[in-house]
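Trainee: Letter by letter, the sequence shown follows residues 520 to 1005 in my numbering.
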Amino acid sequence: AAGGGNGLSWDPAEKTRREGRRPYLEINAIKPPCDAIETNIRVNPPSPICHPVGDPATDEISDIIEGMIRQIEYESTAATIYSQAGRDSVVGGVGIIEFASRFIDDTSFDQELYVVQNEDPTVWWFDPLARRPNREDAMWAIKGPRILSQEMYQEAYGKKHKVLDGGFLNTVQSYAGKFQDLLGWTGDYTSMNLWTTNGKGPFWVAEFWRVTIKLKKLRMYTDNIARYDDETPPSHAKRKVDADGSDADYVRNVPIRKVTKYVVDAFEVLEEVEWIGDHIPAIAILGPEIWIEGKLYRLSLVHGMIESQRAFNYIATSMTEIAGKVPKAPWLGTKGQFVDEKWATASVDDWVFLEATPVEMVSELNNSSTFAPMPTRNMMEAPIQWLIQLGTFFQAAMQSVSSYSANVLGKAKADQSGKAIEALQMEASQGNYNYPDGVNRGVGVMYKQWLDIIPKLYSKASAQTIIKADGEAEKVLINQIFDHPT
520 AAGGGNGLSW DPAEKTRREG RRPYLEINAI KPPCDAIETN IRVNPPSPIC
570 HPVGDPATDE ISDIIEGMIR QIEYESTAAT IYSQAGRDSV VGGVGIIEFA
620 SRFIDDTSFD QELYVVQNED PTVWWFDPLA RRPNREDAMW AIKGPRILSQ
670 EMYQEAYGKK HKVLDGGFLN TVQSYAGKFQ DLLGWTGDYT SMNLWTTNGK
720 GPFWVAEFWR VTIKLKKLRM YTDNIARYDD ETPPSHAKRK VDADGSDADY
770 VRNVPIRKVT KYVVDAFEVL EEVEWIGDHI PAIAILGPEI WIEGKLYRLS
820 LVHGMIESQR AFNYIATSMT EIAGKVPKAP WLGTKGQFVD EKWATASVDD
870 WVFLEATPVE MVSELNNSST FAPMPTRNMM EAPIQWLIQL GTFFQAAMQS
920 VSSYSANVLG KAKADQSGKA IEALQMEASQ GNYNYPDGVN RGVGVMYKQW
970 LDIIPKLYSK ASAQTIIKAD GEAEKVLINQ IFDHPT
């Protein structure tokens, strides 16, 4: 819960107990710091910088690749996706940046990279043995499930599938098909009903990503070029050996990664596609993590503020309840003193004087009589001052966690100068640097993967639009073959 709206910052049991009988206020003090961090990411989005490394790398090639990355991001509105992933990590501890390939248009077989709009990071599940900050070392991942109507399912995958056969579900108690062998799923009848909504739809469809590694032998040849055993060397190149005739120093096994996406429903693998890259194309943007006694703990900004937010809302609600119980009658007196009609409007009209009717009171003990005291104004004050001080305490607790105060957010300038506020904002940004840095680090990991994918995906001679560092677009020719001058 992000601290506000629809009772999310209240304990569910307490909220249920109060509904219809007592108020439960929500003053969202968590949203402004979250907005400030997201704005910081949006105003300062990650940007590629490519440098030429090795021969025949050149400044021109690196500039073209850098410009192609910017163009991919521009076409994908990637800045918005990056800031959303950052906000998700701030609020829930997990954000996702996903990328994929798509056809350039409906009449082309050429493909391009793009960054995927990912509205819900919780649909991704990564290999729990992955340890790197952005889970780029995951050996498997699951995305989904998506819920498709029968019409959507048929449009995407056709009509001849077991999940559309109502009789099949009734006769099968377990399924030992292909993706069961792949993932070790037991295929119980309850799961089938869940994934098929009792065979009537809508139907669940998920993506399973798997990385397999195969060792491939690499050898060095006498022309100082290393080749795999399935490559044919030129006739003049021989296997390189040492003085004793051993090739042990010139042979090694290279792990070759293969990434496969399986699209599955309750019974079948609907699609099996080999991904062009060698890592799962999803980057996890995570909040601060720490391992304690072998158990992983992940935090978010909201995680450290939610209890103080709940306490603050409880105090605000208590003050409102107390204020609501303050007597509304401005005058106190004895029954029978308020005969004059002026008393009925005494709190709204400025009467020059008010006349009270004398009321004689007789003692039951000695039968003596006396007149009742004159009416007095009700000066009762709600005892909420201490609640205000307690609320200030919890406000300070939230500000200490987020590093954002009203002054930092520019809401309480008072006699402070603009420079002082800017200094406080810089301090707050440094206090929450790990969230924007998590986005930058994740995008950097993605860029490195793109450097391997771009030469494979953009392998034909073509004219590509690139965006230069100054934001100007330019057309360049790539993969061109030029005749050498004679």
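Ideal placement from N, C-alpha and C gives every residue a C-beta, glycine not left out.
If distances are taken between C-alpha atoms only, which option among Gln590, Glu655 and Val609 comes closest to Glu617?
Mentor: Nearest C-alpha to Glu617: Glu655.
Trainee: Report, in whole angstroms, the separation of the C-beta atoms of Gly720 and Gln669, which I expect to be a contact under 8 Å.
Mentor: Contact holds; Cβ gap of about 4 Å.
Trainee: Counting only the same chain and skipping the five closest in sequence on each side, list residues whose C-beta sits under 8 Å from that of Phe698.
Mentor: Residue confidence for Phe698 is low, a pLDDT of 44 falling below 50, so the modelled location carries little weight and cannot support an answer.
Trainee: Is Ser921 helix, strand or coil when you go by DSSP?
Mentor: Three-state result, Ser921: helix.
Trainee: Taking the straight line between their C-alpha atoms, what separation do you get for Thr715 and Arg776?
Mentor: Distance between the alpha carbons of Thr715 and Arg776 is about 34 Å.
Trainee: Can you check DSSP and say which residues form a bridge with Tyr740?
Mentor: Paired residue(s): Arg758.
Trainee: With a threshold of 6 Å on Cβ separation, who are the neighbours of Glu791 within its own chain once the five nearest residues in sequence on each side are excluded?
Mentor: The residues are Tyr781.
Trainee: Pair every Cβ in the segment 552-567 with every Cβ in the segment 959-970, then say whether three or more of these pairs are closer than 8 Å.
Mentor: Because the criterion of three Cβ pairs below 8 Å is met, the segment 552-567 and the segment 959-970 touch.
Trainee: Quick check on Asn772: does DSSP put it in helix, strand or coil?
Mentor: Strand.
Trainee: Strictly by DSSP, which residues pair up with Ala598?
Mentor: In the DSSP output, where bridge partners are listed per residue, Ala598 has none listed.
Trainee: Determine the closest residue to Ile907 out of Glu750, Gln603, Val635 and Ala830, with distance taken between C-alpha atoms.
Mentor: For the residues Glu750, Gln603, Val635 and Ala830, the minimum Cα distance to Ile907 belongs to Ala830.
Trainee: Which whole runs of the beta strand (DSSP E) in the segment 795-847 are 3 residues long or more, in chain order?
Mentor: Segments of the beta strand (DSSP E) lying fully in the segment 795-847: 801-805, 808-811 and 814-817.
Trainee: Could you tell me the alpha carbon to alpha carbon distance between Lys681 and Thr709, rounded to whole angstroms?
Mentor: Rounded to whole angstroms, Lys681 to Thr709 spans 16 Å at the Cα level.
Trainee: Between which two residues does the alpha helix (DSSP H) holding Pro664 run?
Mentor: That residue, Pro664, is in no alpha helix (DSSP H); its beta strand (DSSP E) goes Trp659 to Leu667.
Trainee: For a minimum of 4 consecutive residues, which ranges assigned as the alpha helix (DSSP H) are wholly contained in the segment 945-1004?
Mentor: Here the runs fully enclosed are 953-976.
Trainee: Taking the straight line between their C-alpha atoms, what separation do you get for Arg621 and Val964?
Mentor: If you take the alpha carbons of Arg621 and Val964, they lie about 21 Å apart.
Trainee: Based on the DSSP secondary-structure assignment, which residues constitute the bridge partners of Leu544?
Mentor: Paired residue(s): none; Leu544 is not in a bridge.
Trainee: For a test of the three-state rule: what should DSSP assign to Thr889, helix, strand or coil?
Mentor: Looking at Thr889 - three-state DSSP - the assignment turns out to be strand.
Trainee: Quick check on the DSSP output: the beta strand (DSSP E) that includes Ala745 runs from which residue to which?
Mentor: Per DSSP, Ala745 belongs to the beta strand (DSSP E) from Ala745 to Tyr747.
Trainee: To the nearest angstrom, how far is the alpha carbon of Ala803 from that of Val572?
Mentor: For Ala803 and Val572, the distance between alpha carbons rounds to 28 Å.
Trainee: Identify the continuous alpha helix (DSSP H) that holds Ile556 and give its terminal residues.
Mentor: Unbroken alpha helix (DSSP H) run through Ile556: Lys550 to Val562.
Trainee: Per DSSP, what are the beta-bridge partners of Tyr781 in this structure?
Mentor: Phe727 and Glu791, per the DSSP bridge assignment.
Trainee: Drop a sphere of 10 angstroms on the beta-carbon of Arg589, count the other beta-carbons inside from all chains shown, and report buried for 16 or more, exposed for fewer.
Mentor: Burial call: buried.
Trainee: So, does the CB of Met898 fall closer than 8 Å to a CB anywhere in chain B?
Mentor: Judged by its chain identifiers, the structure shown contains no chain B, having just a single protein chain.
Trainee: Taking Cβ to Cβ, would you say Pro807 is nearer than 8 Å to Asn998?
Mentor: Not a contact, by the Cβ cut-off of 8 Å.
Trainee: To the nearest whole angstrom, what separates the beta carbons of Ser827 and Met711, a pair I think is in contact under 8 Å?
Mentor: Incorrect: roughly 45 Å between the Cβ atoms, too far for contact.
Trainee: Could you pull the start and end residues of the alpha helix (DSSP H) that Ala865 belongs to?
Mentor: From DSSP, Ala865 is part of no alpha helix (DSSP H); its letter is neither H nor E.
Trainee: Going by the DSSP bridge assignment, what does Met880 pair with across the sheet?
Mentor: Paired residue(s): Thr889.
Trainee: Looking at the strands, I want to know which residues DSSP matches up with Ala619.
Mentor: Paired residue(s): Tyr633.
Trainee: Quick one: what's got a C-beta closer than 6 Å to Thr853's C-beta in the same chain, skipping five residues either side?
Mentor: Around Thr853: Val878 and Ala891.
Trainee: Considering only the beta carbon of each residue, do Ala865 and Trp850 sit closer than 8 Å?
Mentor: Yes; because the gap between Cβ atoms is below 8 Å, this pair is in contact.
Trainee: To the nearest angstrom, how far is it from the Cα of Asp763 to the Cα of Gly796?
Mentor: Going from the Cα of Asp763 to the Cα of Gly796 covers about 40 Å.
Trainee: Rounded to whole angstroms, how far is the Cβ of Ala597 from the Cβ of Val634, which I believe are closer than 8 Å?
Mentor: Going by Cβ atoms, the distance from Ala597 to Val634 rounds to 4 Å, so yes, they are a contact pair.
Trainee: Considering only the beta carbon of each residue, do Asp639 and Met658 sit closer than 8 Å?
Mentor: Not closer than 8 Å, so no.
Trainee: Does the beta-carbon of Trp870 have 16 or more other beta-carbons within 10 angstroms, so that it is buried, or is it exposed?
Mentor: Under this definition Trp870 is an exposed residue.
Trainee: Would you mind giving the Cβ-Cβ distance between Asn637 and Ile600, rounded to the nearest angstrom? I have them listed as a contact below 8 Å.
Mentor: With a Cβ gap of about 7 Å, Asn637 and Ile600 count as contacting.
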